[in-house]
Amino acid sequence: MKWRNPRQFMRPLLRVQRVNDIALETLWQQGFRALIIDLDNTLVGYRLLEPAPPVAAWVRAAQERGFALAIVSNNVRAWVSAVATMLGVVTYVHNALKPLPFGVIRAVKQLRARRSQTVVVGDQLFTDVLAAKLLGVRAILTDPLVADEHHAMWALRLAERFMLLGAPRFEPPREAPGDARDP
Ligand SMILES: [Mg+2]
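The working numbering applies: residue 7 is where the sequence shown begins, and numbers increase by one.
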């Protein structure tokens, strides 16, 4: 592995604002075939009850494009399976204990994916990105959907900001609301 310091090790492949800013066609052309996606604050905002329509549409588009897709969450089974059902995602892992990599390993196996063709997507550097990096899997970091999250998160978010200093962000061209972002 070619990295000299923790910051470099933790650097995500891409940083985006929202999961639906990820250009599926670009990922596909880069050879990726599987997406392993975090739930809380990536697919559904903190304390919200269901995914926003653009997120649901993006998940649908990903599966239609041919991506194998799994949700891997540290949350409990009832919530994870409910959201997976709402989104039409068959494969999910609950109580994943990220940043431990076992949940991601299970999802990769269940999807019959190759690690080199898999991307982990999530809103937490020290949870989602770290779990991926420990496996040598690429990761995309999103902004948390809802900024007003649990009060214990502020220190972690501060540490994330430090680790991400100098890591470029992808800002997609903002089109009229509802427009598909893929070319
Ligand atoms: Mg999360």
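Every residue, glycine too, gets a C-beta built ideally from N, C-alpha and C.
Reference residue i; option with closest CA among the options
i, options, result
"Leu45", "Gly142, Leu140 and Leu151", "Leu151"
"Ala67", "Lys139, Ile146, Leu33 and Asp129", "Leu33"
"Ala90", "Val135, Leu75 and Arg120", "Leu75"
"Leu6", "Pro59, Phe132, Glu177 and Pro18", "No answer is possible for residue 6: the residues shown for the chain start at 7 and end at 189."
"Val126", "Ala158, Leu54 and Ile77", "Ile77"
Element boundaries [beta strand (DSSP E), containing residue i]
i, result
"Val126", "Thr124 to Gly128"
"Val61", "No beta strand (DSSP E) contains Val61, which is instead part of the alpha helix (DSSP H) from Pro59 to Arg71."
"Val191", "Look at the range of the chain in this structure, 7 to 189, and you will see that residue 191 is not part of it."
"Lys97", "The question names Lys, but residue 97 in the sequence shown is Thr. That run of the beta strand (DSSP E) goes Thr97 to Val99."
"Arg144", "Arg144 to Thr148"
"Leu103", "Element bounds for Leu103: n/a, residue is neither H nor E."
Cutoff 6 Å; reference residue i; Cβ partners in own chain excluding five residues on either side
i, result
"Pro174", "none"
"Asp129", "Asn47, Thr48, Thr148 and Pro150"
"Gln69", "Leu75"
Residue i, enclosing alpha helix (DSSP H) - first and last residue
i, result
"Thr32", "Leu30 to Gln35"
Same chain, Cβ closer than 8 Å to residue i, neighbours up to 5 away in sequence not counted
i, result
"Val82", "His100 and Asn101"
Distance between beta carbons of residue j and residue i, contact taken as under 8 Å
i, j, result
"Ala62", "Leu93", "6 Å"
"Pro60", "Asn26", "5 Å"
"Arg39", "Phe73", "6 Å"
Own chain residues within Cβ distance below 7 Å of residue i, not counting five before or after
i, result
"Val22", "Ile28, Ile146, Thr148 and Phe176"
"Gln14", "none"
Open item on the list: Give the residues whose C-beta lies closer than 6 Å to at least one heavy atom of ligand 1, in chain order.
Closed with: Here the residues come out as Asp44, Asp46, Asn47, Thr48, Gly128, Asp129 and Gln130.
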